[in-house]
Amino acid sequence: VAVLLALATGILVGSSVLQGPLLQQLTRTTDQLRAHTDDLQRQIQTLERRKAFAEAAAEQLAPDLVGGQLAGESVALVTLPGTNQDITEATVRILEQAGARIASQVQIGAKYADSEQEGVLDDLVNQLAPAGIEWPEDSGVYDRAGLELATALVTTDFVPAGTTFDADATQILSGLEAGEFISVTDDESAGPATMAVVMAGPAPEPGEAAQR
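Once you know that position 108 of the sequence shown is 417 in the numbering used here, the rest is easy, because the numbers rise by one and skip nothing.
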């Protein structure tokens, strides 16, 4: 904007149309815009320095702060649509520094919360349900889908390293992935975990889709 104003000023001056007061006003406006731009640039540089310092401090201190806190634990990492990839990777590093092992990584797809796919998801969840699973009373499709996914990914039993998913878990994950409701990181060593970390992106706008 400042450059365009300066150019316009030059053109008008050259054509002898511009009068003194208007020229002065345009010059002041240009100077104000330039000063405002410089101020914003300084603010950006300050924020970038603070961000770099915070990241460096976290990277330096994290091993001592979290070391051994999750020793012996295995983690199922579940990411929702819109999750920041850099934050996800940083979280994985922190979990590993704490002594945890990433047992599996699952990405929930946008189709999962699509109202037009709710009936399809409901049918699929019922088809994939392991024998003996009990649904809570008045549970909705997303309650059942979440419970089924948790049943496949997480266990309360001790999980030796190298343990892979059993037949029921494999069926659930494969079925949901085939339906394009989730995607599972292709890892032959993936298996059940003792805990789950669920990561989301920025808070969505309030509404029915956000609730799903």
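Every residue, glycine too, gets a C-beta built ideally from N, C-alpha and C.
Residue i vs residue j beta-carbon contact at 8 Å
| i | j | result |
| --- | --- | --- |
| LEU437 | ILE491 | no |
| THR346 | LEU335 | no |
| ALA385 | VAL434 | no |
| GLN406 | GLY376 | yes |
| ALA419 | PRO390 | yes |
| GLY500 | ALA412 | yes |
| LEU332 | ALA311 | no |
| VAL401 | LEU430 | no |
| ARG410 | ALA470 | yes |
| MET508 | THR397 | yes |
Rounded Cβ spacing between residue i and residue j (contact assumed at less than 8 Å)
| i | j | result |
| --- | --- | --- |
| GLU382 | MET504 | 6 Å |
| VAL506 | LEU374 | Not a contact, Cβ separation roughly 17 Å. |
| GLY408 | ALA371 | Actually they do not touch by this definition, with Cβ atoms about 12 Å apart. |
| ALA502 | VAL468 | 7 Å |
| ILE353 | VAL387 | 34 Å between Cβ atoms; not a contact. |
| SER498 | THR479 | With 8 Å as the limit, SER498 and THR479 do not qualify as a contact, their Cβ atoms being about 14 Å apart. |
| THR277 | GLN414 | As displayed, the chain neither begins before 310 nor continues past 521, which places residue 277 out of reach and without an answer. |
Where the alpha helix (DSSP H) through residue i begins and ends
| i | result |
| --- | --- |
| ILE481 | 476-487 |
| ILE417 | Element bounds for ILE417: not the alpha helix (DSSP H) but the beta strand (DSSP E), 410-417. |
| GLY463 | Residue identity check: residue 463 is Val in the sequence provided, not Gly. Counting along the chain, VAL463 falls outside any alpha helix (DSSP H), and DSSP gives it neither H nor E. |
| ILE442 | ILE442 -> no alpha helix (DSSP H), and no H or E assigned at all. |
| VAL429 | 427-437 |
| VAL310 | No alpha helix (DSSP H) holds VAL310; DSSP gives it neither H nor E. |
| ASP496 | Run containing ASP496: none; DSSP gives neither H nor E here. |
| THR400 | 394-406 |
Burial state of residue i (16 or more Cβ within 10 Å)
| i | result |
| --- | --- |
| GLN350 | exposed |
| ALA461 | buried |
| PHE362 | exposed |
| GLY441 | exposed |
| GLY488 | buried |
| GLN394 | exposed |
| GLN369 | exposed |
| GLU457 | buried |
| LEU485 | buried |
| ALA365 | exposed |
| ALA476 | exposed |
| ALA344 | exposed |
is_contact[residue i, chain D] using C-beta, thresh 8 Å
| i | result |
| --- | --- |
| LEU389 | Given the protein chain composition of this structure (a single chain), no chain D is represented. |
Start-to-end residues for the beta strand (DSSP E) that takes in residue i
| i | result |
| --- | --- |
| ALA385 | 383-388 |
| ALA505 | 504-508 |
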